[in-house]
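Trainee: Sharing a structure with you now.
2 protein chains.
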Amino acid sequence: MQEAVHAAVRELEPELGREKLTVPLVAARAGVTPSTIYRRWGDLQALLSDIAVERLRPDSPPEDRGSLIADLRAWAGQFLEEMSSAPGRAYLRDALIGDPGVNALRCSDYAADQISVILGRAAARGEPAVDTETVLDRVVAPIVYRVLCRPTAIGPGYAEGLVDDLLRS
Amino acid sequence: MQEAVHAAVRELEPELGREKLTVPLVAARAGVTPSTIYRRWGDLQALLSDIAVERLRPDSPPEDRGSLIADLRAWAGQFLEEMSSAPGRAYLRDALIGDPGVNALRCSDYAADQISVILGRAAARGEPAVDTETVLDRVVAPIVYRVLCRPTAIGPGYAEGLVDDLLRS
DNA sequence: GGCGTTAAAGCAACATCTTTGCTTTAGGCT
DNA sequence: AGCCTAAAGCAAAGATGTTGCTTTAACGCC
Numbered sequence: 001m002q003e004a005v006h007a008a009v010r011e012l013e014p015e016l017g018r019e020k021l022t023v024p025l026v027a028a029r030a031g032v033t034p035s036t037i038y039r040r041w042g043d044l045q046a047l048l049s050d051i052a053v054e055r056l057r058p059d060s061p062p063e064d065r066g067s068l069i070a071d072l073r074a075w076a077g078q079f080l081e082e083m084s085s086a087p088g089r090a091y092l093r094d095a096l097i098g099d100p101g102v103n104a105l106r107c108s109d110y111a112a113d114q115i116s117v118i119l120g121r122a123a124a125r126g127e128p129a130v131d132t133e134t135v136l137d138r139v140v141a142p143i144v145y146r147v148l149c150r151p152t153a154i155g156p157g158y159a160e161g162l163v164d165d166l167l168r169s
Numbered sequence: 170m171q172e173a174v175h176a177a178v179r180e181l182e183p184e185l186g187r188e189k190l191t192v193p194l195v196a197a198r199a200g201v202t203p204s205t206i207y208r209r210w211g212d213l214q215a216l217l218s219d220i221a222v223e224r225l226r227p228d229s230p231p232e233d234r235g236s237l238i239a240d241l242r243a244w245a246g247q248f249l250e251e252m253s254s255a256p257g258r259a260y261l262r263d264a265l266i267g268d269p270g271v272n273a274l275r276c277s278d279y280a281a282d283q284i285s286v287i288l289g290r291a292a293a294r295g296e297p298a299v300d301t302e303t304v305l306d307r308v309v310a311p312i313v314y315r316v317l318c319r320p321t322a323i324g325p326g327y328a329e330g331l332v333d334d335l336l337r338s
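In the order they appear, the protein sequences are chains A and B. Residue numbering for the first sequence follows my numbering, beginning at 1 and increasing consecutively. Residue numbering for the second sequence follows my numbering, beginning at 170 and increasing consecutively.
Structure, rendered in structure tokens:
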């Protein structure tokens, strides 16, 4: 049932656009009654927030490119690309809304997990250690901040520059 | 009229709590009709977003403490304190919702302006130069990111540590 | 294999909020 | 003074959100 509702949102969102979505519409498409959705999620935002988190979950571990800097640069570049796209920004915003602390934290954990994999590989290679929290502060946070607040202040190579600055220190 | 509505929200929010606010309630308190609010703002979120930005606007330039590091540490500490309080987090989230790019950008500009003042004073003293954008990336972005996504990962001295790390490099 | 228990979904009536066309009011301009 | 425009009021229609009660379906237990 939850799956039918999620599928209904994924179908309807491209058809109608984000802000024309309503609970009754989604319910009709999913073949359930609106009250079902209200009872499970509370409101449309919470539902969209759940779906946003689902979509932001990485589907595979980061590719191994042979060195810490190459791995981090590639990951950061791809992360920025995803987040700065129109749908990416929308998902990010949706994820931040619902249930303070729960959904946003899950997204952050996704990033932290990916970074940990990269750092683990670097450690196995004997490369100089960096901390996951530090990468969150120095790479992820600036990307997210700029995507949300200053999208025009992101130029080409921005993500990679953050990685380079971090590893240089 | 806009002022009456803003005042009504400021009155009602502490009385009822954020999520019990409705457009008709605010309208009644402000002595206007709901349609007035709908026509001017579109919906409750846009109105709350406007008010959030207003509240996040600094009311005075940062205090001069005699050195770049002291100024930045004091400012970052206070910024974190404001943002991590329950109302601060709520305002931050509200500001990010409305009108992608407009309100969030205004908040970011407030921070950038404060930082520019601090950096301008440092330059006048002949202290080594730092860039406003760099301070946004290294200090503001991590604070905002953690407040939004990982509030439990903020310990005492976190903001000051970010400033120290930045100025050491 | 029935049979109670329980959690979830349907239904339907009700309350509330949102939208909209039209009217009214207030300010600025000639 | 008398338009002209922008903004607000009003009220009705439409859509959404809420809730108590009923129904269904899954599970464990005699």
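Even glycine gets a Cβ: it sits at the ideal position worked out from N, Cα and C.
#1: So which residues of chain A does B:Asp-282 contact, with C-beta pairs closer than 8 Å?
#2: Assuming A:Pro-62 contacts A:Ile-118 under a Cβ cut-off of 8 Å, what Cβ separation, rounded to an integer in Å, is found between them?
#3: Is B:Thr-321 helix, strand or coil by DSSP?
#4: Alpha carbon to alpha carbon, how far is B:Leu-335 from B:Glu-251?
#5: Please say whether B:Tyr-314 and A:Val-144 have beta carbons closer to each other than 7 Å?
#6: Below 9 Å on C-beta distance, what does B:Ala-243 contact in chain A?
#7: Does the CB of A:Tyr-158 have a neighbour CB from chain B at under 7 Å?
#8: Are the Cβ atoms of B:Gly-267 and B:Ala-199 separated by less than 7 Å?
#9: Whole angstroms is fine: what's the gap from A:Ser-67's alpha carbon to A:Ser-60's?
#10: Going along the chain, which residues of its own chain have a beta-carbon closer than 7 Å to the beta-carbon of B:Pro-193, five neighbours each way excluded?
#11: Where B:Pro-311 and A:Val-32 are concerned, what is the direct C-alpha to C-alpha distance, given to the nearest angstrom?
#12: Give a yes or no on whether the minimum CB-CB distance between A:Ala-141 and chain B is below 7 Å.
#13: Terminal residues of the continuous alpha helix (DSSP H) containing B:Pro-183?
#14: Starting from A:Val-23, trace the alpha helix (DSSP H) in both directions and tell me its first and last residue.
#15: If we call anything under 7 Å between Cβ atoms a contact, is A:Thr-132 one with A:Ser-116?
#16: In this structure, how does DSSP classify B:Gly-235 when only helix, strand and coil are distinguished?
#17: With a cut-off of 7 Å, does the C-beta of A:Asp-71 fall near any C-beta of chain B?
#18: My output table needs one value for B:Thr-202: the three-state DSSP class, helix, strand or coil.
#19: So, does the CB of A:Val-9 fall closer than 7 Å to a CB anywhere in chain B?
#20: Does any C-beta atom of chain B lie closer than 7 Å to the C-beta of A:Ser-169?
#21: Count the other CB atoms, across all protein chains shown, that sit within 10 Å of the CB of A:Arg-39; report buried if there are 16 or more and exposed otherwise.
Mentor: So, from the data block:
#1: If you number the second sequence from 1, residue 282 of chain B lands on position 113. Per Cβ cutoff of 8 Å: no residues; B:Asp-282 is ~13 Å from chain A at best.
#2: Here residue 62 of chain A refers to the residue found at position 62 of the first sequence. Here residue 118 of chain A refers to the residue found at position 118 of the first sequence. So it is a contact: roughly 6 Å between Cβ atoms.
#3: The residue you call residue 321 of chain B lines up with position 152 of the second sequence. In the structure shown, B:Thr-321 sits in a helix (DSSP, three-state: H, G or I).
#4: To locate residue 335 of chain B, count along the second sequence from 1; it is residue 166. To locate residue 251 of chain B, count along the second sequence from 1; it is residue 82. For B:Leu-335 and B:Glu-251, the distance between alpha carbons rounds to 21 Å.
#5: Position 144 of the first sequence, counted from the start, is the residue given in the question as residue 144 of chain A. Position 145 of the second sequence, counted from the start, is the residue given in the question as residue 314 of chain B. In contact: A:Val-144 and B:Tyr-314 (Cβ atoms closer than 7 Å).
#6: Taking the second sequence and counting its residues from 1, one reaches residue 243 of chain B at position 74. In chain order: nothing, as chain A lies at least about 20 Å away.
#7: For the purposes of this step, residue 158 of chain A is taken as the residue at position 158 of the first sequence. Judged by the 7 Å Cβ criterion, A:Tyr-158 is not in contact with chain B.
#8: What you label residue 267 of chain B is simply residue 98 of the second sequence in a count that begins at 1. What you label residue 199 of chain B is simply residue 30 of the second sequence in a count that begins at 1. No, the pair does not count as a contact, with Cβ atoms beyond the cut-off.
#9: Here residue 67 of chain A is taken as the residue at index 67 of the first sequence, counted from 1. Here residue 60 of chain A is taken as the residue at index 60 of the first sequence, counted from 1. The straight-line gap from Cα to Cα measures roughly 18 Å.
#10: Residue 193 of chain B sits at position 24 when you count from the first residue of the second sequence. Same-chain partners within the cutoff: Pro-203.
#11: As a position in the second sequence, residue 311 of chain B is number 142, starting the count at 1. As a position in the first sequence, residue 32 of chain A is number 32, starting the count at 1. Each residue's alpha carbon lies about 42 Å from the other.
#12: Indexing the first sequence from 1 puts residue 141 of chain A at position 141. Closer than 7 Å: yes.
#13: As a first step, residue 183 of chain B must be located in the second sequence, where it is residue number 14. Element bounds for B:Pro-183: 171–185.
#14: Locating residue 23 of chain A in the first sequence gives position 23, where the first residue counts as 1. A:Val-23 -> alpha helix (DSSP H) spans 23–30.
#15: Along the first sequence, one-based indexing puts residue 132 of chain A at 132. Along the first sequence, one-based indexing puts residue 116 of chain A at 116. For A:Thr-132 and A:Ser-116, yes; Cβs fall inside 7 Å.
#16: Taking the first residue of the second sequence as position 1, residue 235 of chain B is located at position 66. Note: B:Gly-235 maps to coil in three-state DSSP.
#17: By one-based count along the first sequence, residue 71 of chain A stands at place 71. A:Asp-71 does not count as touching chain B.
#18: Reading the second sequence from its first residue, position 33 is the one you call residue 202 of chain B. If DSSP states are grouped into helix, strand and coil, B:Thr-202 belongs with coil.
#19: Mapped onto the first sequence, residue 9 of chain A falls at position 9. Closer than 7 Å: no.
#20: On the first sequence, residue 169 of chain A is found 169 positions in, with the first residue counted as 1. Taking Cβ atoms only, chain B reaches closer than 7 Å to A:Ser-169, which makes this a yes.
#21: The count along the first sequence starts at 1 and reaches residue 39 of chain A at position 39. By the neighbour-count rule (16 or more Cβ atoms within 10 Å), A:Arg-39 is not buried but exposed.
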